[in-house]
Amino acid sequence: MTTTDAGSAGRFVGQSVRRKEDPRLLTGRGTYVDDMSLPGMLHACFVRSNVAHGRIVSIDCDAARAVDGVVAVLTGTELNVGRGSMQPTLMFEDAANVAVQPLTEGTVLFVGDPVALVVAESRAVAEDAAELVEVNIDMLEAVVGFDAALLEGAPLVHPDKGANVGQDMPVIMPGWDEIKADAAHVVSATFNQHRQTNVPMETRGIVASFDPASGELHAYLSTQNPHEARLVLSRVTGVPEHLVRVTARDVGGGFGQKMFLFRDEQTIGAAAVYLGRSIKWIEDRRENLIASNHARADRTTVELALDADGKLLGAFVDEVEDAGAWPLGSMGGAAPAVGAYFTGAYKLPFLSWHARAVWTNTCQRGAYRGPWMMETTAREQMVDYAARAIGMDPWEWRRRNVVKDADLPYTTPMFMTYDDSISPDATLEQAAQVIDYDAFRAEQRRAFESEGRLLGVGLSLYIEPCAMGMMDPLSTETANVRVMPSGKVSVALGTGSHGQGLETTMAQVVAEELGIDIDDVIVVQGDTASSPFGRGTGGSGSAIIGANACRLASAAVRDKAFAIAAQLMEAAANDLEVSDGRITVKGTPARGIDFAEVARVAYLETAKLPEGMEASLEATHTYKAPPVTWANACHACTVEVDRYTGLVKILRYVVSEDCGKMINPAIVDGQIAGGVVQGIGGVLFEHMIYDPDGNPLATTFMDYLLPTAAEIPTIEIHHIETPAPNPGGHKGVGEGGAIGAPACVFNAVADALALLDVTITDQPLGPREVLDALMAAGH
Amino acid sequence: MKPGPFEYHAPHTVADVTALLAEHGDECKPLAGGQSLVPMLALRLTGFPHLVDLNRVDGLSGVERSNGTLVIGAITRQRVLERDPQIAEAVPLLARAAPLIGHFQIRNRGTVGGSLAHADPASELPAVALALGATFDVAGPNGTRSIAAADFFTGTWSTALEPDEIVTAVSFPVRGERTGSAIHEMARRHGDFAIAGAVANMSLDAAGRVSAAAISLFGVASTPVRATGAEAALVGAAPADINTLEIGRLALADQEPTDDIHATGPQRARIAAHVTGIVVARALEEAGR
Numbered sequence: 200m201t202t203t204d205a206g207s208a209g210r211f212v213g214q215s216v217r218r219k220e221d222p223r224l225l226t227g228r229g230t231y232v233d234d235m236s237l238p239g240m241l242h243a244c245f246v247r248s249n250v251a252h253g254r255i256v257s258i259d260c261d262a263a264r265a266v267d268g269v270v271a272v273l274t275g276t277e278l279n280v281g282r283g284s285m286q287p288t289l290m291f292e293d294a295a296n297v298a299v300q301p302l303t304e305g306t307v308l309f310v311g312d313p314v315a316l317v318v319a320e321s322r323a324v325a326e327d328a329a330e331l332v333e334v335n336i337d338m339l340e341a342v343v344g345f346d347a348a349l350l351e352g353a354p355l356v357h358p359d360k361g362a363n364v365g366q367d368m369p370v371i372m373p374g375w376d377e378i379k380a381d382a383a384h385v386v387s388a389t390f391n392q393h394r395q396t397n398v399p400m401e402t403r404g405i406v407a408s409f410d411p412a413s414g415e416l417h418a419y420l421s422t423q424n425p426h427e428a429r430l431v432l433s434r435v436t437g438v439p440e441h442l443v444r445v446t447a448r449d450v451g452g453g454f455g456q457k458m459f460l461f462r463d464e465q466t467i468g469a470a471a472v473y474l475g476r477s478i479k480w481i482e483d484r485r486e487n488l489i490a491s492n493h494a495r496a497d498r499t500t501v502e503l504a505l506d507a508d509g510k511l512l513g514a515f516v517d518e519v520e521d522a523g524a525w526p527l528g529s530m531g532g533a534a535p536a537v538g539a540y541f542t543g544a545y546k547l548p549f550l551s552w553h554a555r556a557v558w559t560n561t562c563q564r565g566a567y568r569g570p571w572m573m574e575t576t577a578r579e580q581m582v583d584y585a586a587r588a589i590g591m592d593p594w595e596w597r598r599r600n601v602v603k604d605a606d607l608p609y610t611t612p613m614f615m616t617y618d619d620s621i622s623p624d625a626t627l628e629q630a631a632q633v634i635d636y637d638a639f640r641a642e643q644r645r646a647f648e649s650e651g652r653l654l655g656v657g658l659s660l661y662i663e664p665c666a667m668g669m670m671d672p673l674s675t676e677t678a679n680v681r682v683m684p685s686g687k688v689s690v691a692l693g694t695g696s697h698g699q700g701l702e703t704t705m706a707q708v709v710a711e712e713l714g715i716d717i718d719d720v721i722v723v724q725g726d727t728a729s730s731p732f733g734r735g736t737g738g739s740g741s742a743i744i745g746a747n748a749c750r751l752a753s754a755a756v757r758d759k760a761f762a763i764a765a766q767l768m769e770a771a772a773n774d775l776e777v778s779d780g781r782i783t784v785k786g787t788p789a790r791g792i793d794f795a796e797v798a799r800v801a802y803l804e805t806a807k808l809p810e811g812m813e814a815s816l817e818a819t820h821t822y823k824a825p826p827v828t829w830a831n832a833c834h835a836c837t838v839e840v841d842r843y844t845g846l847v848k849i850l851r852y853v854v855s856e857d858c859g860k861m862i863n864p865a866i867v868d869g870q871i872a873g874g875v876v877q878g879i880g881g882v883l884f885e886h887m888i889y890d891p892d893g894n895p896l897a898t899t900f901m902d903y904l905l906p907t908a909a910e911i912p913t914i915e916i917h918h919i920e921t922p923a924p925n926p927g928g929h930k931g932v933g934e935g936g937a938i939g940a941p942a943c944v945f946n947a948v949a950d951a952l953a954l955l956d957v958t959i960t961d962q963p964l965g966p967r968e969v970l971d972a973l974m975a976a977g978h
Numbered sequence: 072m073k074p075g076p077f078e079y080h081a082p083h084t085v086a087d088v089t090a091l092l093a094e095h096g097d098e099c100k101p102l103a104g105g106q107s108l109v110p111m112l113a114l115r116l117t118g119f120p121h122l123v124d125l126n127r128v129d130g131l132s133g134v135e136r137s138n139g140t141l142v143i144g145a146i147t148r149q150r151v152l153e154r155d156p157q158i159a160e161a162v163p164l165l166a167r168a169a170p171l172i173g174h175f176q177i178r179n180r181g182t183v184g185g186s187l188a189h190a191d192p193a194s195e196l197p198a199v200a201l202a203l204g205a206t207f208d209v210a211g212p213n214g215t216r217s218i219a220a221a222d223f224f225t226g227t228w229s230t231a232l233e234p235d236e237i238v239t240a241v242s243f244p245v246r247g248e249r250t251g252s253a254i255h256e257m258a259r260r261h262g263d264f265a266i267a268g269a270v271a272n273m274s275l276d277a278a279g280r281v282s283a284a285a286i287s288l289f290g291v292a293s294t295p296v297r298a299t300g301a302e303a304a305l306v307g308a309a310p311a312d313i314n315t316l317e318i319g320r321l322a323l324a325d326q327e328p329t330d331d332i333h334a335t336g337p338q339r340a341r342i343a344a345h346v347t348g349i350v351v352a353r354a355l356e357e358a359g360r
């Protein structure tokens, strides 16, 4: 269900145009990495550590090398020599990072750590041979979890770093003790968010082809960010950037996992150059679960000071993130943001925070749809916790503390200013009203008192920073809008659409600006050979950065088309308008010329062009995002907890969101729904669990449980469209669903359990955890 | 995710199957629907140099009713259990259990005999067979024999079958008069293996008292188990006097389920007791209709 004010919608922008991608994707004609086959292509299989921490005594590859069909068995001895940094461009010079090598030598640091690479004529042969590589490891004590990592005298994951705490950032403002001393209430709680992983439907994959004669490296990749992948492949292999080409046609999801090129894909690139061959590596699901990246894994202690009316006086946040063993581009990437953005949608006079990140003997932490969403999880769960502690309804607490329109612009205690383009108060009211909050409270009481049933309602309110303009190279996108002599238009973008429908939404923007039909526009992205340098797709940025680049490049094309048309029609350019592919004089629609005719003249009859005008009809525009664009939303859900089995059933799920001006409401709804499903899955089903020795226990979909359609309720989505201060008025929407949902579901379950005076603070909330809480309280 | 190398055999007769099994011994495994075996091979959790495909063997598929017995060929797809009206009428419990087995794509391929011979302790059909007192027809190189369900399941993924024997058919008694049956399980998602589940088959006498009670539990031990104490407490009772919560607790009195990442042992027992209460109530309700 969608409600929106469609009054401002254009012919294409604001319309739920059908996705250009869908016919090929829905008929099985998408092209993913595994669909790529090159002549003479070899296949690779990694040999990975099966212990979490240990010294490599020996790696015996003789038996594997003797297998018929095996071309090479490589270890760090061969492949690590002379490698450049494997860290992302964003942070590859940061000294705090660990030095990651293609294949681990010396000490393995997690189950899944790659120690050798078998390259063979088929994947099956490569797997057969990989089984014959004998890796002899002396086990060391594994560091698993926050307590183990922070323990005095704990074994060190990276002894050269001298500590397991890889980042320690206190931002302590003066006066907290005084505020607490004067507060009517001080409430404190610690929340654990468990480890999860992205689980794209298409696992990671690469076909890397090196031609020793030309020196060119061509990588077909499943990536969100082709230009970043080219930069990284160039650094790690030493092949100059102009001789590296990255192509990604269809990408089956990423959710952050494919934003920065990870170690294994880089290793295959290095192996292709080393062997001078083409090599395919398609990650299998077990590898994806244990050795791609994990996420969440936060522990946050929140202390709130409140006055007698429940109004916020201040907050202190202590956040620890588990970065795993070999983080690429993520050490300390999330924890400071948890502190910095903790304010959320509330008037908060004071905030101090302390952020730390620890190394552990587990899979690296990486970006996952809302990488620092613990700020919302911890804050929103704390709001309910504190409201209950002072005897106030959580909706009422939010109403008293939310930033209202009259408070805008509002500057947070971390000196960030919310302009008047946000609407947290309106989304809070809409979500609570749609879920019929007061009526549900009455039903909750009745069901508990007369039937003993446990119903609960949860709210989650947040403001999300999108499209970070201060974070090069993620801040800019360049669009090249090229009109062909027939009047058809090709748009080249450096984006890496992996489910966002950018081939549709960017075409909507261009067609709208040029006044032509959307079927006359093709968006070409995902290939470094055809597109200008770009930021890829992630961080809720493509609608803001990509669409505005398209809009402004299109405006330049339109201006030039008007200048040509003015010359041809003997009219003034500023009297012209364009729609339905025809340029006409305003107020005199009979006087006009087809856009296609203007294009033809621009290329094929250049003598008719205005004097001094360059032939051709195209323009390129680079758009740099504002420092930050704020989106906001409120989620509300109701649940029933089965007190016998611990199962949670979601009864209703409502989202009220404001992503500014929507380009395609159906795609916006899809983005929100997808994020919400991942949030629900994260709380109720998904748990990337390790045993104390560092063995991953959820290594297949039998144990890493993803939500399916059967577990997900209808997601009722409502829109409030407050334009953002950028040319298109757009805000980000890719991550929001996943940011808001976990706290919403958690709060509803906590609300239900509070009927029995049972308190919970930790995710996940599978039946095991729910029953643990109930049984510990004697229920 | 590629299985190790194996030789693939596709015989057409049971005799050829058992001859191959006898010839290759431990190095050989029969392949039925492949819904458990193939993933285990692909993950290289197990491996066999020889696979004997049962799908082309004559006479292993089909459903036949005679003299109060429903005989189901071993290679009959699980999907048949939920779609064949003859089965729903003769042994309704089978039709009720089938939708709980994985997803329909799995049931289209998975077989009745394969699920029983695989003997996963958390799967549905073994518990149904145990509760109903099914009989397994087994063939080996030296001929055929029958094994009662009560003797068939010997441990996790282990049965009374010899390595050179296969199940050829399973016989279920047709539902009697004044009899009701039910199956229920608690799984985290639709289609998952159950954390715990229970099957009940109840008969009433002419006076409306319980004349026969069978309860089997799955997911709580290394095999499906009969809840004999709870069954004994039910026989002779009038349904109105039966406290199903108490029966559930009694059913789990002798069980000590183990932990896994989805539930602790005590939680599993609590869930199984709850589920047992539900199936007993449903079966009694149907029997009294």
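Heads up: the sequence lines are chains H and P, in that order. For the first sequence, the working numbering begins at 200 and goes up steadily by one. For the second sequence, the working numbering begins at 72 and goes up steadily by one. Positions of the beta carbon are idealized from the N, C-alpha and C atoms, including for glycine. Keep in mind the model is a prediction, meaning the values are calculated, not measured.
Of the residues assessed, residue 644 of chain H falls on the exposed side of the cut-off, its CB having fewer than 16 other CB atoms within 10 angstroms. Taking 8 Å as the threshold, the shortest C-beta distance from residue 106 of chain P to chain H does not fall below it. What residue 725 of chain H touches in chain P, judged by beta-carbon distance under 7 Å, is nothing: the nearest beta carbon there is about 26 Å away.
Here residue 666 of chain H has 738, 739, 740, 743, 744, 824, 828, 931 as same chain residues with Cβ atoms under 7 Å from its own Cβ, once five neighbours each way along the sequence are excluded. Scanning its chain for C-beta atoms nearer than 6 Å, with the 5 sequence neighbours on each side dropped, one finds around residue 652 of chain H the residues 646, in chain order. Contact annotation: in the region 952-966 of chain H, residues whose CB is within less than 9 Å of a CB in chain P are 965, 966. For residue 420 of chain H, the closest of H:458, H:434, H:971 by C-alpha to C-alpha distance is H:458.
Closest in alpha carbon position to residue 135 of chain P, among P:244, P:288, P:233, P:289, is P:244. A distance of 8 Å or more separates the beta carbons of residue 967 of chain H and residue 121 of chain P.
Shown here, residue 822 of chain H sits in a strand according to DSSP, grouped into three states.
Contacts with chain P (Cβ-Cβ distance below 8 Å) from the region 880-910 of chain H involve 884, 886, 888, 896, 897, 899, 901, 902, 904, 906, 907, 909, 910, listed in chain order. Residue 257 of chain H sits in a strand when the DSSP states are folded into three classes. Excluding its 5 nearest sequence neighbours in each direction, residue 428 of chain H has C-beta neighbours in its own chain below 6 Å: 420, 422, 445, 460, listed in chain order. By the Cβ rule, the region 887-902 of chain H does not count as touching the region 947-959 of chain H, because fewer than three pairs are nearer than 8 Å. Chain-ordered, the chain H residues with CB closer than 8 Å to the CB of residue 257 of chain P read 844, 846, 966. With contact defined as three or more Cβ pairs closer than 8 Å, the region 715-724 of chain H and the region 654-668 of chain H are not in contact. Within the region 170-187 of chain P, no residue has a Cβ lying closer than 7 Å to any Cβ of chain H. Approximately 19 Å separates the beta-carbon atoms of residue 897 of chain H and residue 261 of chain P; this is outside 8 Å, ruling out the contact.
For the region 263-277 of chain H, no residue has a beta-carbon sitting nearer than 8 Å to a beta-carbon of chain P.
Going by DSSP, residue 767 of chain H is part of the alpha helix (DSSP H) stretching over 746-768. With contacts defined by Cβ atoms closer than 8 Å, residue 390 of chain H and residue 475 of chain H do not form a contacting pair. The beta-carbon of residue 327 of chain H is placed less than 8 Å from the nearest beta-carbon of chain P.
According to the DSSP secondary-structure assignment, residue 244 of chain H is paired through a beta bridge with H:317. Beta-bridge partners of residue 499 of chain H (DSSP): H:390, H:518. Separation of the CB atoms of residue 254 of chain P and residue 844 of chain H is rounded to 16 Å, and the pair is thereby denied contact status at 8 Å.
When DSSP states are grouped into helix, strand and coil, residue 912 of chain H belongs to the coil group.
Three or more Cβ pairs drawn from the region 430-447 of chain H and the region 275-293 of chain H lie within less than 8 Å of each other, which places the two stretches in contact.
Under DSSP, residue 852 of chain H forms a beta bridge with H:836, H:914. Listed along chain P is no residue with a C-beta nearer than 7 Å to that of residue 496 of chain H; the closest approach is about 16 Å. Under the Cβ criterion of 8 Å, residue 488 of chain H is not counted among the residues facing chain P. The shortest C-alpha to C-alpha distance from residue 589 of chain H to any of H:387, H:327, H:926 is the one to H:387. By the 16-neighbour rule on beta-carbons within 10 angstroms, residue 465 of chain H is buried.
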